[in-house]
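Numbering (full-length UniProt numbering), first residue to last: 1 to 79.
Just so it is clear, CB atoms sit at the ideal spot from N, CA and C, and this is done for glycine as well.
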């Protein structure tokens, strides 16, 4: 759906006009509502993905810290 560049003025209106041509049985207000719902859903999914990535990064950091702690304990035991 990235047919129009983001810097294009009235980009959203162009998309809605395009959808009206493709989905002539729908009203403009129905299309706007569907467009907003899809955008909201996409934002929610992006938030979930970002949270999962942060969780994975934190887990990797904890694992690296644990590995370093074990290495130091091992060195301490050898001394």
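Rounded separation between residue i and residue j - CA only
| i | j | result |
| --- | --- | --- |
| residue 21 | residue 62 | 53 Å |
| residue 72 | residue 48 | 36 Å |
| residue 54 | residue 60 | 10 Å |
| residue 85 | residue 12 | It is not possible to answer for residue 85, since the shown part of the chain is limited to 1 through 79. |
| residue 77 | residue 57 | 30 Å |
Collapsed DSSP secondary structure at residue i in the structure displayed
| i | result |
| --- | --- |
| residue 3 | coil |
| residue 29 | helix |
| residue 61 | helix |
Check whether the segment 27-44 and the segment 2-17 are in contact - that is, three or more C-beta pairs closer than 8 Å. yes
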